[in-house]
Each structure stands twice: as structure tokens, then as C-alpha cells.
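Peer 1: Position 345 of the sequence shown, counting from 1, maps to 345 under full-length UniProt numbering, and the rest follow consecutively. Each residue gets a CB set at the ideal place from its N, CA and C atoms; glycine is no exception. Can you keep this structure in mind? I'll have questions shortly.
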Amino acid sequence: MIAVPDGHPESQTQVLHDDPAMMSQEGPLGSHTPADSHSVMDSTCSPPVISDGNISTAHAQSRNSLAAMFEDFLDNQGQTHDGALPKLGVIFFSESSPLTFALEELQRSERRSLYDPVSQINEGGIAQRNTHPSHVSPQDVAYLQSKGAFDPPSAGVSAPLIAAFLERFYPLYSIIDKDQFMELHEKQGLPWLLLYAVCFIGATFCDISAVHQAGFKSRWHARRSFYDKAKVLFDVGYETNKVVLLQTVIMLSFWGPQMKSFWNPCSWVGFGSTIAESLGINRRNQSTRINPKSRSLLRRLWWTLAVRDAYCAALLGRPFRINISQCDTEMLDMADFDHETDLANGNQAKDGHIHCLYQIQVAKLSLVLRKIIEVRFGPPNHSTTIQDLHEISNRWQADLPQELKWSPHSASNNPFATYLRIIFNHHLIFIHLNKPHFADDLSAGLNDDNSVFQIAESAAQTISSTALPLMTNSLVGSMPHEVFPAFFIAGIVFYRQFRQSQQSVYAQLGRAALDNCQMVMNEARERWDPALWALKIFDFLLSGANNSTKTPASSTLQNAPASLGAAGSEPTLEDPNHNSTVNVPDKNVLHSIDLESPQYEDLGRTFDDFFLIPSYFDATPDTW
1 MIAVPDGHPE SQTQVLHDDP AMMSQEGPLG SHTPADSHSV MDSTCSPPVI
51 SDGNISTAHA QSRNSLAAMF EDFLDNQGQT HDGALPKLGV IFFSESSPLT
101 FALEELQRSE RRSLYDPVSQ INEGGIAQRN THPSHVSPQD VAYLQSKGAF
151 DPPSAGVSAP LIAAFLERFY PLYSIIDKDQ FMELHEKQGL PWLLLYAVCF
201 IGATFCDISA VHQAGFKSRW HARRSFYDKA KVLFDVGYET NKVVLLQTVI
251 MLSFWGPQMK SFWNPCSWVG FGSTIAESLG INRRNQSTRI NPKSRSLLRR
301 LWWTLAVRDA YCAALLGRPF RINISQCDTE MLDMADFDHE TDLANGNQAK
351 DGHIHCLYQI QVAKLSLVLR KIIEVRFGPP NHSTTIQDLH EISNRWQADL
401 PQELKWSPHS ASNNPFATYL RIIFNHHLIF IHLNKPHFAD DLSAGLNDDN
451 SVFQIAESAA QTISSTALPL MTNSLVGSMP HEVFPAFFIA GIVFYRQFRQ
501 SQQSVYAQLG RAALDNCQMV MNEARERWDP ALWALKIFDF LLSGANNSTK
551 TPASSTLQNA PASLGAAGSE PTLEDPNHNS TVNVPDKNVL HSIDLESPQY
601 EDLGRTFDDF FLIPSYFDAT PDTW
């Protein structure tokens, strides 16, 4: 059961119905002080009670699975000498766990499900006004206060950020129940953690004018401010609602990677995987107690996480955090978006329909990417050839709904079809781009290495050709972030073309196409942190190609497009702790640098941090 304040100190606490889509709240959006924030009791506290002191019937009904019964049993054992027992709550156990075998012995007689996400989501009791959650120590509260975690942005600051979240992010990643989100927002009842995560995303996707109107020096400062507040709340464990936690870590995966930091998009996705499994949403849910609206929200959350996992892992060359072979959650379909009010509004119905179709298709395409990465970069698997991967991709394209199909010879007027076209060609490059120092033995079924590279080159040309329409239509700021890696890897194809044909017109065409890719990444650099990794890497590679003596840290892009650093670009970053701009990077340096970290003082070590770079950079530039 989840309680929400109505905003008046003298009024009774309002209790909303049990629903996975509902979110707990530890803080309001508005002018409340920390003393006004209320608590949500976690599963380590006494059973939730209603105002007359009786045990909540709704809560008792929600504790219906064997896992929940076991947690209640632990809670009722009371304190041990060290107070540890009530903190032994069950997170998640799969079929292979001895706990599963043990509880299944009881399942025979109890006729209860082993695991039910509803029983986990609806943990919590009546809000205790004027207090913080009971599991948070006074020392942690004081620490959070010192970090400004209970200083919400004013309505003037938060309004454009939340608008950007709803208008630009939500259609691409529908990870909230929009109606209930708006209800909590209007009642100033958004959880602190969710509030800052949403503002972080809003600062990522909003127009730069909103950033300046909010009083921030740059987009980076706005993003960093909200990210830091969300992260400190997450680190302390202030929030206990698993749906809010999952929504938050998905959003925080849009930060970084930072140099020499283990906190990167894959880190957040890893937490998301653990939280999602603790909800049991990685498996097909047969419960009849969960309503369709909540079931759809959980499914959207799962597939958004799976998409982020696939594309972040592919970009950073990291293992997938989700073992998809052990998951059987149903694929998204239009029924999972039927509850969205936008689909019922005449003026927005068409756009809303396209948004839903896009999310379904990119989820399916993420499974194709997983297969590609597994075959191309995993342990040898001679049962699958490049031709097989190509056919899998073609089948996905053939099954596209008419609204998202594209012509191979003309640009689409539908931006979502363009996004999928770019991502699809990104996959083709991953299939056919060999490492520079050896021939790939997976090329069976295609003519030779040259024909393989021609397919990759054709896909890269398709990606590059979309740069101008994206720029002229001002779409870069509202694109899904899964699109951007395509311009990175296409640039690698053009760099090879440029290197292999130094004196020919062919090389000049390759360089021009590379400039197109750099142009998009430069435009995206304030929103998509890896863009500046990519720009500096190409700076480094082109320095070697031109026999330059400049170091990667100090050189600028060779023959960069005129748009790089042009008038109207967002402000240069400044160290928030210093008045001077000594050692502050120019516009082309990675914006995800932690300006407060010691390693920032020595930018010459930038390329010691190749642990974040995918495997297709494992050869030195001179060998390409």
C-alpha cells in the first residue's frame, strides 16, 4: 500500500490503491522542507497498519506468494542480538536456488505461487508525516541534507525539465504510468529519487534555453547536479520501492561513462537487472491478481532495460548484464500501450501509435543485436555464420509494420522509421566489419573479405546520409540514444576507407562521410556522453593518419566540419569549484569527465582509459 500526502499538514494522509504502477514517495516536488517529507516503511518494518491500528487487509492480500510469506516469517522472528534478522529480506531466487527447492515443498500444500511481483511492489505502510523512512539513520539523513538531497528544484526550474521528460523521453522509453505520474506530480508527491532522476533526464533532452533559464552554466552542470542528488539517495538506500528504483536506474544509465570510473551505463543496467529480477519480471507472470495496466507497465520496464543492456554493452564492449536465455517475459505488443491516454486523443493518436510501434520494434531488434554480439565477439560458434546473422536481420526488417518501413533509395518522412533504419544498418556493420588484423572465419557464405567490407561500407553510407536531415530538422536532441552508436561505428568504416586510399577521390569521399558522422556526434555531445569519447578517438586516429605530433589530449579535430565549435554551441565547461578555466577542456573534450576527480588534472592520460572502449579498437592505428 502506498500513501501520498495531500499537501496540507492538518489533513489526513491519503491512501491510494494497491497497484504496481503506483510509486512510493519520500519527498515532494515543490517548496516542502525536509521536515515535511514523510516516510514509506520498507519490508524490514512492522506490518503496515491503517489509521485505526488494524492490519491492512489489502496488504495481507498482497502478501500472497511463498516468498512473501517467508519474508513475513523472518520479520516476525524479532530482533537478534545484533539486530540483523529483520534485514534478511528475500530479494530473488531462481529455479536453481536451494531456497526455491525448499519453498516448493510448501507449495504443494499451500497452492500459492512461489513468487509474485505484486507482493514485492506493494511493500510499505502509512506515511509517517514529518519523518524520513525508518530504515534511514539520522546520520544518513544529515548527510543527505548536506548534499542538498532534500532541496527540490523550484516549480520554475522543474516544469520545463518534466515537460521535456514527458514530451521527448517518455515516447521513446515508456517506463512510467503517465497518468499516475502526473497525479503524484500535481500533488507534489514524487519520490525524491524519482524526482531527481526525471529532472536529470529532462536536462538531457530539453532545449538549452531551459538549462540557462534554470540558472545552470551549461547542460553538463544541470545534468551533473540532478545525477549527483539521485545517486547519493540511491547509495544511501533511501528509497525502497522497487518500481521506483528500477525506473531510476534505467534513467541514470544515460550518464557517462566517466574516465577511470566503474560507474558507467552498464553499472546502472546491472543494478537494474538485479532489481528487475527481484520483481520477478524477467519471467512470464501468470498471476491473476495483477491488473492489465500494471502488468503492461512491468513489461515495458523489462524491455526498456533489456534494450539499454544490449546497446550499452555493445557500445562499451562489456558483457550483457541480462542473460536473456533464462528470461521468458512476453515481447511487447500494442496491448501494453492501450492504457495510455495519448492514444485516445485525436490529435496525438497517430504519433502515439508510432511511438508504441517503435518501442516494440527496437525491443525486437535488440534481440538481434544480442545474437550478433554473441556470434561475432563471443566464444567461437561455428554453427552460426555471418550469412545467418544477415538473414535474421532481414527477417526483422521484412516483418516491420507498414508505418515503420523505409525505402532503400529515399529518405523517410517518419523520424521513427529513420531511427530504426539507422540502428538496423548499425547492426549490419557489426555483422560484416572485420577486425583490422585478421580475416574473420565467420564470413562463410559470402564471397570474400572485400564483399564483406562493401556491405559494411554500404551500411555506413546509409547512416551518414541521414546526418543532414537529422541536423536540418533539429532531431538530434530528441533522438533515442540507441541511434548514436551507429554514427560512431560508421565513422570507423570511413576511417578505414580514408586510410586505405590516401591519395584518391575515394579517400576524400570517405573523409567527407566521416565528417558527417562527426557532425552528428558533435551535436549530441552535451546529451550523449560517449560522443566525446568518439570525437577524441577520431582526433587521435586522424592525428596518426596525418603524421601529426600533437597529443590526443591537446589536439583538435583535423579538418573538422565547420559546425564543430561553431557559434551557437553550448558553453564551454568550467570547473564548478574554481573561478578560473585552467585545465578546463574545450568543447570537444569528454563532458562526462568528473571535474572533481584527481585524474582530471592530467588530461594526457585520457587514452590510458581504453578499458571502456569496445573490442574493435584493439589494434593500433598504424596497423589499420
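I need the DSSP call for residue 496, collapsed to helix, strand or coil.
Peer 2: Helix.
Peer 1: Where does residue 204 fall in DSSP's three states?
Peer 2: Helix.
Peer 1: When the Cβ atoms of the segment 170-190 are set against those of the segment 133-141, are three or more pairs found closer than 8 Å?
Peer 2: no
Peer 1: First and last residue of the alpha helix (DSSP H) that includes residue 272?
Peer 2: Counting along the chain, the alpha helix (DSSP H) containing residue 272 begins and ends at 265-279.
Peer 1: Residues in the same chain with beta-carbon distance under 6 Å from residue 205, minus the five sequence neighbours each way, listed in chain order, please.
Peer 2: Same-chain partners within the cutoff: 164, 168, 169.
Peer 1: Just to confirm, are residue 298 and residue 324 a CB contact at a threshold of 8 Å?
Peer 2: No, Cβ-Cβ distance for residue 298 and residue 324 is not below 8 Å.
Peer 1: Between the segment 255-270 and the segment 535-544, can you find at least three pairs of beta-carbon atoms closer than 8 Å?
Peer 2: no
Peer 1: Please classify residue 231: is it buried, with 16 or more other beta-carbons within 10 angstroms of its beta-carbon, or exposed?
Peer 2: buried
Peer 1: Starting from residue 251 and walking both ways along the alpha helix (DSSP H), at which residues does that stretch end?
Peer 2: Residue 251: member of the alpha helix (DSSP H) spanning 242-252, first to last residue.
Peer 1: Say whether the segment 480-490 touches the segment 417-430, bearing in mind that this needs 3 or more beta-carbon pairs closer than 8 Å, one atom from each stretch.
Peer 2: Yes: the two stretches touch, three or more of their Cβ pairs being nearer than 8 Å.
Peer 1: Quick check: what's the CA-CA separation for residue 543 versus residue 499?
Peer 2: 12 Å
Peer 1: Could you tell me which of 527, 432, 162 sits nearest to residue 385, measuring between CA atoms?
Peer 2: 432
Peer 1: Since residue 144 and residue 233 are thought to touch, with beta carbons under 8 Å apart, how far apart are those beta carbons, to the nearest angstrom?
Peer 2: 7 Å
Peer 1: Thinking C-alpha only, which one of 369, 356, 381 is nearest residue 309?
Peer 2: Cα-wise, what sits closest to residue 309 is 369.
Peer 1: Excluding the 5 residues flanking residue 420 on each side, which residues of the same chain have their C-beta closer than 8 Å to its C-beta?
Peer 2: 358, 361, 362, 365, 400, 404, 406
Peer 1: On the criterion of 16 or more Cβ atoms from any shown chain inside 10 Å, does residue 380 qualify as buried, or is it exposed?
Peer 2: exposed
Peer 1: Look up residue 490 in the DSSP assignment and say whether it is helix, strand or coil.
Peer 2: helix
Peer 1: Along the alpha helix (DSSP H) that carries residue 258, what are the first and last residues, could you check?
Peer 2: Residue 258 -> no alpha helix (DSSP H), and no H or E assigned at all.
Peer 1: Please go through the same chain and pick out, in chain order, the residues whose beta-carbon is closer than 6 Å to the beta-carbon of residue 411, but skip the five residues on each side of it.
Peer 2: 469
Peer 1: Given this structure, state the Cα-to-Cα distance separating residue 506 from residue 339, to the nearest angstrom.
Peer 2: 52 Å
Peer 1: So what does DSSP say about residue 282, is it helix, strand or coil?
Peer 2: coil
Peer 1: For residue 42, collect the residues of the same chain with a Cβ closer than 6 Å to its Cβ; drop the 5 residues on either side in sequence, then sort them by chain order.
Peer 2: At residue 42, the pLDDT of 39 sits below 50, so the modelled position is not reliable and the matter cannot be decided from this model.
Peer 1: Is it buried or exposed for residue 522, if we count other Cβ within 10 angstroms and need 16 for buried?
Peer 2: It is buried - the Cβ of residue 522 has at least 16 other Cβ atoms within 10 Å.
Peer 1: I'd like the span of the alpha helix (DSSP H) that includes residue 514, first residue to last.
Peer 2: 505-524
Peer 1: Which residue's Cα is closest to the Cα of residue 625: 152, 225, 160?
Peer 2: Examination of residue 625 is not possible in this model, given that the chain is present from 1 through 624 alone.
Peer 1: I need the boundaries of the alpha helix (DSSP H) containing residue 185, first residue and last residue.
Peer 2: 178-186
Peer 1: Of the residues 175, 104, 210, 105, which one's Cα is nearest the Cα of residue 155?
Peer 2: 210
Peer 1: Work out the CA separation of residue 98 and residue 350 for me, nearest whole Å.
Peer 2: 50 Å
Peer 1: What residues in its chain sit with their C-beta under 8 Å from that of residue 508, if we drop five residues either side in the sequence?
Peer 2: none
Peer 1: For residue 389, which of helix, strand or coil comes out of DSSP?
Peer 2: helix
Peer 1: Just curious, the alpha helix (DSSP H) that residue 479 is in, first and last residue?
Peer 2: No alpha helix (DSSP H) holds residue 479; DSSP gives it neither H nor E.
Peer 1: Leaving out five residues on either side along the sequence, give the residues of the same chain with a beta carbon under 6 Å from the beta carbon of residue 373.
Peer 2: 314
Peer 1: How many angstroms separate the CA atom of residue 189 from the CA atom of residue 177?
Peer 2: 14 Å
Peer 1: What residue range is occupied by the uninterrupted alpha helix (DSSP H) comprising residue 165?
Peer 2: Neither: residue 165 is in no alpha helix (DSSP H) and is coded neither H nor E.
Peer 1: With DSSP collapsed to three states, give me the class of residue 334.
Peer 2: helix
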